[in-house]
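Working notes, structure below.
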């Protein structure tokens, strides 16, 4: 067993608190990682507060993990001690179903094992990256590009792949007009990737004060989505829209901005169902779709791409002692654009 | 002017009655067609009863028209007197927008001119095929395959192309598992085309008595959609589903039967919006889409395909004097699978 410490939720209402626990002993195909940084994803908060149900306390969230290899199992081939590595939302999957064989582990027929609040092969609850050590099956460990800062690349493991994957799947490239709806952790990465792929990028936000930020990130235009006249200018013109908003919102308004055969892809999970009229998809043969993180091969491809093109996330680094404050600020979207925990702060008194 | 007679609605509530009117004089690029048969589409009824709004009375419905060329304008090249021809849902479009140039006239940026209850270039209201003559711009006239019965091929012009187009667009072929939701005028053509393209075809119906009919049409399996256990067997297995139902229904139930990256395409316009949860499309990267008839080139392609493969609609031929009774039966889905009006009955006393 590997002695670990982290910050855990003990129920849906109380603040996260320090927690000592054991990671499993290193198996033959396991990698033992000393965690350096862990991003804070909005889903951490949803899970901790049991807003999606099924929370198993004590619960250590965190699935945007970067760090260094501290030890490897006897059969591990890809990694050696000292390597800089990452772990995202998944730590295992069945490996046998059609989706796993197609490198789409995120759609594993048996459900992938999530990095936290999931049940592993031994029946133990998985614990996430707000902690100093983690033991992960080699296959689910990613290689981090050597010259990217580990604190800025941690959120690539969730926010990065969540936006990269659909933009790649729908083959976004030069000549495409792409909308990015919402400018948070996901949205800001959507802007960076879509620009990098050569698209004409339009950010949709409800907040006029985000306009300058969006342009600074590389967006070519910004539309204040509450302004009907601004919206109207873009009717039937988009090839693709990436909808990163997880609050309730009118998806039909955005669908109307798609060209014929265009796709609106949701990556933010709104708590309430959307109202979609048949005519909205029938007229123009438009598509409403969604995307969930990405498979392991694609995640590595994304990391390599980011390494090559110097793409990382804009983050605010915090010591773990400020986690509960960070959650409060996250609820107010008061962060540009991702909080990342400096795990070395765990040893602070 | 060309003297014509037909059956028209004079308001939203009264039965259709005989009506004498003028068609425009033959222009240089016009084709004058003597109508032989006209199919009855459910949208005729919606329009006549003003359920979609905008009804302009007197209103002669009908957009599944077959007949013979009686005269051609001086510049008409494709047709000569005596040719067997068809007219579908469109009689004109702008011709200049991106969609028109891509042969997707159904998505014309200015809106195509519908065969009835639409305004033509001269500002006159168009009148449909429940009548003995029609004058149509050459480009919007289709060539009927010579050896298909004109009464059985009339509904190809709407029900046929509406189902053919999405099955072609999503490249349905051997090895695909395809669901056809609903077994009416559209559904029965969906079954015929999907089978003809080599797919494994599963019909979904709420009516157990339609099971034998579906199998006779070529379906490989039939699922009674009210039976949750039957539905469950097919979870995550469909490549494509064609949803022909225009009554309110739970689309999410069907989306759950799609494989990852599968598409549910709506061709029936439900009067109320559908409730679609983000998670339904996010998990499995599933697509909700729609399709509207088809462009002119594709409609001709479909007719040629039907000629080659001997595909027509199953119809019940009626004299025009029975139109109001047919509407009542249509509302009860009491027809296999399309009523077609024998226009020669207009001269009956």
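Protein chains in written order, with this note's numbering: chain A, 1 to 349; chain B, 1 to 349. Glycine included, every Cβ here is placed at the ideal spot set by N, Cα and C.
query, result
"With a Cβ-Cβ cutoff of 8 Å, do residue 132 of chain B and residue 343 of chain B count as a contact?", "yes"
"Note the first and the last residue of the continuous alpha helix (DSSP H) segment covering residue 241 of chain B.", "Premise fails: residue 241 of chain B lies in the beta strand (DSSP E), 238-243, not in any alpha helix (DSSP H)."
"Would you mind reading off the limits of the beta strand (DSSP E) that contains residue 33 of chain B?", "30-39"
"Under 6 Å Cβ to Cβ from residue 32 of chain A, same chain only, skipping five residues before and after it: list those, please.", "26, 70, 71, 135"
"Taking Cβ to Cβ, would you say residue 189 of chain B is nearer than 8 Å to residue 66 of chain B?", "no"
"Use the C-beta contact count for residue 23 of chain B: other C-beta atoms within 10 angstroms, 16 or more gives buried, fewer gives exposed.", "buried"
"Please determine, among A:267, A:179, A:289, A:244, the residue with the shortest C-alpha to C-alpha distance to residue 237 of chain A.", "A:179"
"Starting from residue 329 of chain A and walking both ways along the beta strand (DSSP E), at which residues does that stretch end?", "Here residue 329 of chain A belongs to no beta strand (DSSP E); instead the alpha helix (DSSP H) covers 323-331."
"Nearest-angstrom Cα distance between residue 228 of chain B and residue 264 of chain B?", "19 Å"
"Report all residues from its chain with a CB closer than 7 Å to the CB of residue 277 of chain A; omit the five preceding and five following residues, and keep chain order.", "252"
"Go to residue 168 of chain A, then tell me how far its alpha helix (DSSP H) extends in each direction, as first and last residue.", "159-169"
"Do the region 314-334 of chain B and the region 297-313 of chain A meet, that is, are 3 or more Cβ pairs less than 8 Å apart?", "no"
"Based on Cα-Cα distance, which residue from B:183, B:346, B:172, B:45 lies nearest to residue 216 of chain B?", "B:183"
"How far does the beta strand (DSSP E) with residue 342 of chain B in it reach, from first residue to last?", "338-342"
"Thinking C-alpha only, which one of A:80, A:53, A:140 is nearest residue 94 of chain A?", "A:140"
"What are the boundary residues of the alpha helix (DSSP H) that residue 287 of chain A is part of?", "Careful: residue 287 of chain A lies outside any alpha helix (DSSP H), inside the beta strand (DSSP E) at 287-290."
"Kindly indicate the opening and closing residues of the alpha helix (DSSP H) around residue 264 of chain A.", "Here residue 264 of chain A belongs to no alpha helix (DSSP H); instead the beta strand (DSSP E) covers 258-266."
"Would you decide whether residue 249 of chain A is buried or exposed? Buried here means 16 or more other CB atoms lie within 10 Å of its CB.", "buried"
"For residue 129 of chain B and residue 108 of chain A, I'd like the C-alpha separation in whole angstroms.", "52 Å"
"Which residue spans inside the region 84-166 of chain A form an unbroken alpha helix (DSSP H) run of at least 4?", "98-101, 150-153"
"Are residue 166 of chain A and residue 242 of chain A close, meaning C-beta to C-beta below 8 Å?", "yes"
"Applying the 10 Å Cβ sphere with the 16-neighbour rule, what's the burial state of residue 102 of chain A?", "exposed"
"Can you name the residues that DSSP bridges to residue 334 of chain A?", "According to DSSP, which records beta bridges pairwise, residue 334 of chain A is partnered with nothing at all."
"Label residue 233 of chain A either buried or exposed according to how many other C-beta atoms from any shown protein chain fall within 10 Å of its C-beta, with 16 as the threshold for buried.", "exposed"
"Inspect the beta-carbon positions of residue 202 of chain A and residue 177 of chain A and report whether they are closer than 8 Å.", "yes"
"Report the residue from A:11, A:198, A:194, A:123 whose alpha carbon sits nearest the alpha carbon of residue 415 of chain A.", "Chain A is shown from 1 up to 349; residue 415 of chain A falls before or after that span and cannot be answered."
"Can you list the residues of chain B that residue 291 of chain A reaches, using a CB-CB cut of under 7 Å?", "282, 285"
"Can you tell me where the beta strand (DSSP E) with residue 22 of chain B in it begins and where it stops?", "17-23"
"Whose C-beta lies closer than 6 Å to the C-beta of residue 39 of chain A among residues of the same chain, with five residues either side of it excluded?", "64, 154, 155, 338, 340"
"With a threshold of 8 Å between beta carbons, is residue 105 of chain A in contact with chain B?", "no"
"Going by other Cβ atoms of all chains shown within 10 Å of its Cβ, with 16 needed for buried, is residue 151 of chain A buried or exposed?", "buried"
"Alpha carbon to alpha carbon, how far is residue 126 of chain B from residue 424 of chain B? Give it in angstroms, no decimals.", "An answer regarding residue 424 of chain B cannot be provided, because it is not within the stretch 1 to 349 covered by chain B."
"Name the DSSP beta bridge partners of residue 212 of chain A, please?", "Answer by DSSP bridge pairing: none, since residue 212 of chain A is not bridged."
"Quick check: the Cα distance between residue 245 of chain B and residue 12 of chain A, rounded to an integer number of angstroms?", "43 Å"
"Does the beta carbon of residue 61 of chain A come closer than 8 Å to any beta carbon on chain C?", "Of the protein chains in the structure, A and B, none is chain C."
"Which word fits residue 117 of chain B, buried or exposed, when buried means at least 16 other C-beta atoms lie within 10 angstroms of its C-beta?", "buried"
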